[in-house]
Amino acid sequence: MFGLGGRKTAAAAVVKYTNMDSFVLDVEETVTCFCRKARRKDKEASAPGEDPKLYLEEAVLERKHGDLDLRTLVELPAGLDYNEWLASHTIAFFDHINLIYGTISEFCIMSGCPDMTGPGLRTYLWFDEKGKKTKVAAPQYIDYVMTFTQKTINDESIFPTKYANEFPSSFESLVKKILRLLFHVVAHMYHSHFKEIMLLKLHSELNSVFTHIILFNERFHLIEDKETEILQDLATALRVHSEPPELAAPPPRPAAKDNNNCLESDGGARDASGAAPAHPHHHRHESQGGPPPAGGTPAIPASG
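To convert, note that position 88 of the sequence shown is 109 in my numbering; the numbers rise steadily by one, no gaps.
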């Protein structure tokens, strides 16, 4: 269910492109054929030393409700506050990515995923608030991402839900950090767990979320190209850019001094002030635990 975060958003579109109430794992319908074809067709597309990219197989290049016009969905409705639109989509991205990852998290373990990796032999590292690089296993990295995002969106001072409260001046910068982190999770699922995604028949849901985030980024320029380029081949295969992008510039940003660069360590992203209620969809990795670096504050990661 794609609902814009349950926020009080005027004229907000509510679109269903996923239904994950139950999963049936049909062992008879394996991905053997996909693996065999991938080794033949994607041999040149993969970097040296990298496994074939199963997600580029024609048989899995589909989206849930592929006729859904996501390009129209990401357009800012006339008269709606820009920050409100960012908040609504950010919460929706978190809900969907967290939900999909929760279905395959039992396969993402310390021994199987000792590093947080993405396509093209990309490795993501943490930068703590002192600028120190830290290598963590994928399940721990993703737990940091989900914990940080959950706390942030539950913080009324950052993601206000009451009309009397305003968004902070640094809101867009913080959204950039969140989307960058969530994109790392998407990249890891495609790179390391797409076989499980196919077995659970969730590839169309993941492709829909990916298409949505790419189109949203294309419209509002929130994630740098060097982050998204590792899945550009998938965007091309899914024909995400088959329609020419809008020539109009993005809507004006609220006047604000942006002191945070999403690619640099700035002492970690802001946590919620006080105890915030747990997000209903947050999947915790209790057995993978350990506090986040720098005294409990998730640091901002950077790709190595």
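By construction, the Cβ of each residue, glycine as well, lies at the ideal position given by its N, Cα and C atoms.
In the three-state reduction of the DSSP assignment, Y211 falls in the helix class, which pools H, G and I. The alpha helix (DSSP H) runs of length 4 or more contained entirely in the region 121-196 are, from start to end of the chain, 159-174. For S213 and R143, the gap between their C-alpha atoms comes out near 12 Å. Per DSSP, E248 is one residue of the alpha helix (DSSP H) stretching across D246 to T249.
Segment contact: the region 102-112 against the region 189-208, three or more CB-CB distances shorter than 8 Å; contact assigned. Taking all protein chains in view, the Cβ of H205 is crowded by 16 or more other Cβ atoms within 10 Å, so the residue is classified as buried. With a cut-off of 8 Å on Cβ pairs, the region 235-245 is not in contact with the region 161-178, counting fewer than three such pairs. The region 254-262 and the region 111-118 do not touch, with fewer than 3 CB-CB distances between them shorter than 8 Å.
Assignment of A113 by DSSP, reduced to helix, strand and coil, places it in the helix class.
Residue state for K74 is assigned as coil, using DSSP reduced to three classes. Distance from the CA of A185 to the CA of D102, rounded to the nearest whole angstrom, comes to 14 Å.
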